[in-house]
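Just so we're aligned, residue 1 is where the sequence shown starts under full-length UniProt numbering, counting upward by one.
Here a beta-carbon is modelled for each residue, glycine too, at the ideal position from N, C-alpha and C.
Shown next, in structure tokens, is the structure this report addresses.
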Amino acid sequence: MTEALQGPQREHWLRAIHSEPRSLLTKGAWRMLDRTQAHNKPLTVKWVFKVKKNEDGNLDKFKARLVVRGFEQQFGFDYNQTFASVAKAATWRILLTVAACLDWEIEQMDVSTAFLEGDLDEQVFIEMPEGLVEYFDQHPEDRPAGFSTEKICKLIKSLYGLKQAPRQWQKKLKKTLKSLDFRQATSDTAVYHNPTTGVIIITYVDDFLIMGSNKEAIQGYKARLGEIFTMTDLGPASHFLGVRITRDRNSRLIYLSQDAYFTRILKKFGLEDCRPVKTPMERNSLSTLQPRDNGDSASPEEREDYSSKTGSLMYGMTQTRPDLAFLLSLLSRYMSNPSPTHSRMIKRGLRYLRQTRDHGLVLGGVKKDPESAWSITAWADSDWKGDTVTGRSTFGWLVQLEGSTVSWRAKRHETVALSTTEAEYTALSQCARELAWTRNLFSELLLPLHMPIPLNGDNQGSLKLCRNPELHQRTKHIPLTEHHIREEVEAGNIDVQYVSTYEQVADGLTKPLNAVSHGHFLEAIRVSACPIEEAGRIIWSTEVHDDSVP
1 MTEALQGPQR EHWLRAIHSE PRSLLTKGAW RMLDRTQAHN KPLTVKWVFK VKKNEDGNLD
61 KFKARLVVRG FEQQFGFDYN QTFASVAKAA TWRILLTVAA CLDWEIEQMD VSTAFLEGDL
121 DEQVFIEMPE GLVEYFDQHP EDRPAGFSTE KICKLIKSLY GLKQAPRQWQ KKLKKTLKSL
181 DFRQATSDTA VYHNPTTGVI IITYVDDFLI MGSNKEAIQG YKARLGEIFT MTDLGPASHF
241 LGVRITRDRN SRLIYLSQDA YFTRILKKFG LEDCRPVKTP MERNSLSTLQ PRDNGDSASP
301 EEREDYSSKT GSLMYGMTQT RPDLAFLLSL LSRYMSNPSP THSRMIKRGL RYLRQTRDHG
361 LVLGGVKKDP ESAWSITAWA DSDWKGDTVT GRSTFGWLVQ LEGSTVSWRA KRHETVALST
421 TEAEYTALSQ CARELAWTRN LFSELLLPLH MPIPLNGDNQ GSLKLCRNPE LHQRTKHIPL
481 TEHHIREEVE AGNIDVQYVS TYEQVADGLT KPLNAVSHGH FLEAIRVSAC PIEEAGRIIW
541 STEVHDDSVP
């Protein structure tokens, strides 16, 4: 606090500091007690200062937050359960696709001091926060009777920093939405659905997306939530979790991009002016991918730089960039001891990002019959013994809703596959699990699906295994859990279908591709340049890329 108040931005921080006690007192966050009344050792607190920036990296506001040192808590004394869910990325991509196709309204709200809304179940005590004396000197009307710095505070609300704070907020939110006739989804417990009005609320801690066809109902729920919680109405959704949401309602399309985030990470690593490339990996790069020699270790600085670059790209991949999935599945295996080759490869990934930083997912499209069932198509593929060190294979799968890519994964197998059939069968089985979850989500949200769901593979032997227990001698060692897909096929939930290797969309999740094949891959998964919206107009980037770079 001293450093903040002695700096050139003192007045900004002072206003931020004074707004925090006001929020705490308004919410009734604590009750002051004599120290002898504490049942547990009081926890210490600290001030956390942050300059908050908007999605474009510009200054938004100065924030000062009073935070409990939660690491001082003891399980069974001042906290018990801590789990709290957040919306899965696949969930909100699916629902944004539905909203785009049906031209639903998509509104956004933010809860101010969300954790202060949660009520504590345990008895938690904290030391008197620093700065309260100065606050009460300037705002004597807020000073409680008998105030003394020798006293402690018993928390009534779940202050930031407490291990159970996210859980208590989610419990309060669930209770509130239940009173408004919303049902919590089991497939994703951060999603709530009102079966009467059809309105869906997606929650990610304090960020809400509210969507549906009933505009009046949405506005009514927003008003009601604003009465219960301290909330900011952000209007039509434009950014969610760092992802830019751009709508072209005439074409029933939504573009998801992270151009501002990618620009920041390129600048962070000094690569904003690097030479761009057209593919994330060189076609023959796997042959040079080896761990460091025995006894040779990367320096702490090398490990930190490599981990930072990989982690920065990983966030983009999980949100909007399935084209980075194979690269990061591969390079994340070497986080503990990267070699110079690995460092060059992750740098190439950033150079590829320089070429495609305005790229993102394209969701939606005109649905010919809005009342008809939804069409899902899935693709699963695997290489064989692609990892030259362990002999393991890498599988990849992706799921598309009405042609829009909504979920994907690239991962090394946990065991060595003894044949291409086994490797491909495992990939199909892994994808079947995702399809079962997707089917459950649609069922809970009362969205009909075309059944069975087509699951495309390019290996005839693995497709035979999905239908019948053939090839016993070569497959008898396969774990029983992988045969889950056979039950899904028998139940009529999945229809496994053959496609040629050339038509296999998931091919780009299992191996490096040349520039031409990679271009086809991007087209198939609908990753392309995305526009931005300004003043209600769709504006396309005028940035010129160097297409002459191989």
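I believe residue i touches residue j by the beta-carbon criterion, under 8 angstroms. Please report the beta-carbon distance rounded to the nearest angstrom.
i, j, result
"leucine 177", "isoleucine 152", "Rounded, the Cβ-Cβ distance is 34 angstroms, inconsistent with contact."
"serine 213", "leucine 102", "6 angstroms"
"glycine 360", "leucine 256", "5 angstroms"
"glutamate 444", "histidine 193", "7 angstroms"
"isoleucine 218", "valine 199", "6 angstroms"
"glutamate 117", "lysine 172", "5 angstroms"
"phenylalanine 326", "alanine 410", "5 angstroms"
"lysine 46", "alanine 16", "About 15 angstroms separates the two Cβ atoms, so there is no contact after all."
"threonine 475", "leucine 463", "That belief does not hold up - the Cβ atoms of threonine 475 and leucine 463 are roughly 13 angstroms apart, past 8 angstroms."
"arginine 252", "glycine 364", "5 angstroms"
"aspartate 188", "lysine 88", "5 angstroms"
"arginine 275", "arginine 351", "6 angstroms"
Using CA atoms only, rank isn't needed, just tell me which of the options is closest to residue i.
i, options, result
"leucine 209", "Ile126, Trp13, Cys274 and His239", "His239"
"alanine 84", "Gly235, Glu134, Val205 and Ile494", "Val205"
"aspartate 110", "Lys268, Val98, Leu173 and Leu234", "Leu234"
"histidine 12", "Pro42, Val199 and Lys52", "Lys52"
"proline 469", "His39, Thr421 and Gln123", "Thr421"
"valine 389", "Glu482, Leu289 and Thr310", "Leu289"
"alanine 114", "Thr82, Glu141, Lys157 and Ile265", "Lys157"
"asparagine 58", "Val527, Ala260, Glu141 and Thr510", "Ala260"
"proline 21", "Glu141, Asn54 and Ile106", "Glu141"
"tryptophan 30", "Tyr160, Arg15 and Asp305", "Tyr160"
"glutamate 487", "Cys530, Ala432 and Phe521", "Ala432"
"glutamine 170", "Asp119, Val124, Ile126 and Glu216", "Asp119"
"methionine 128", "Trp408, Val67 and Leu522", "Val67"
"proline 370", "Leu313, Ala165, Thr97 and Gly536", "Thr97"
"arginine 167", "Tyr221, Ser332, His139 and Thr82", "Thr82"
"methionine 335", "Glu302, Pro322, Asp358 and Leu353", "Glu302"
"asparagine 54", "Arg467, Glu216, Arg264 and Thr501", "Arg264"
"glutamine 400", "Val362, Lys88 and Met314", "Val362"
"proline 531", "Gly396, Ser393, Ile254 and Leu266", "Ile254"
"threonine 501", "Ala529, Gln460 and Trp540", "Gln460"
"glutamine 138", "Leu522, Ser19 and Thr26", "Ser19"
"lysine 511", "Gly311, Leu331 and Glu533", "Leu331"
"asparagine 40", "Gly536, Asn440 and Val124", "Val124"
"isoleucine 376", "Asn493, Leu471 and Gln355", "Asn493"
"threonine 394", "Arg412, Thr405 and Ser528", "Arg412"
Taking only three categories from DSSP, how would you classify residue i?
i, result
"glutamate 534", "strand"
"glutamine 430", "helix"
"aspartate 507", "helix"
"valine 544", "Residue placement at valine 544 is flagged as unreliable, the pLDDT there being 37, under the threshold of 50; the coordinate-derived value follows with that caveat. Reduced to three states, the DSSP call for valine 544 is coil."
"histidine 413", "coil"
"cysteine 153", "strand"
"glycine 492", "coil"
"tyrosine 160", "coil"
"threonine 390", "coil"
"arginine 65", "strand"
"methionine 335", "coil"
"leucine 137", "Here the sequence assigns aspartate to residue 137, which means leucine is not the residue at that position. Aspartate 137 falls in the helix class under three-state DSSP."
"valine 516", "helix"
"alanine 438", "Correcting the residue type first, residue 438 is threonine in the shown sequence and not alanine. Here threonine 438 sits in helix by DSSP."
"glycine 360", "strand"
"glycine 70", "helix"
"aspartate 110", "strand"
"aspartate 78", "coil"
What are the boundary residues of the beta strand (DSSP E) that includes residue i?
i, result
"proline 236", "231-236"
"methionine 211", "207-212"
"arginine 467", "Unbroken run through arginine 467 is the alpha helix (DSSP H), 460-467; no beta strand (DSSP E)."
"alanine 380", "376-382"
"arginine 31", "30-33"
"histidine 193", "191-193"
"threonine 246", "243-248"
How far does the alpha helix (DSSP H) with residue i in it reach, from first residue to last?
i, result
"lysine 215", "215-228"
"arginine 264", "259-268"
"lysine 175", "165-179"
"proline 340", "340-356"
"methionine 314", "300-319"
"alanine 89", "89-102"
"threonine 197", "Per DSSP, threonine 197 belongs to no alpha helix (DSSP H) and is neither H nor E."
Is the beta carbon of residue i within less than 7 angstroms of some heavy atom of the ligand NAP?
i, result
"glutamate 304", "For the structure depicted, the ligand NAP is absent and the ligand set is empty, with no information on it obtainable."
Answer yes if the stretch 498-510 comes into contact with the stretch 454-461, meaning at least three C-beta pairs across the two stretches below 8 angstroms, and no otherwise.
-> Flag = yes, the stretch 454-461 and the stretch 498-510 touch.
The stretch 128-142 / the stretch 84-100 touching (three or more Cβ pairs under 8 angstroms) | no
Do the stretch 61-79 and the stretch 279-288 meet, that is, are 3 or more Cβ pairs less than 8 angstroms apart?
-> no
Assess, as a yes-or-no matter, whether the stretch 377-384 is touched by the stretch 420-438 under the definition of 3 or more beta carbon pairs within less than 8 angstroms.
-> yes
Touch test, the stretch 285-305 against the stretch 343-350, Cβ-Cβ under 8 angstroms, three pairs minimum = Per the Cβ contact rule, the stretch 285-305 is in contact with the stretch 343-350 (3 or more Cβ pairs under 8 angstroms).
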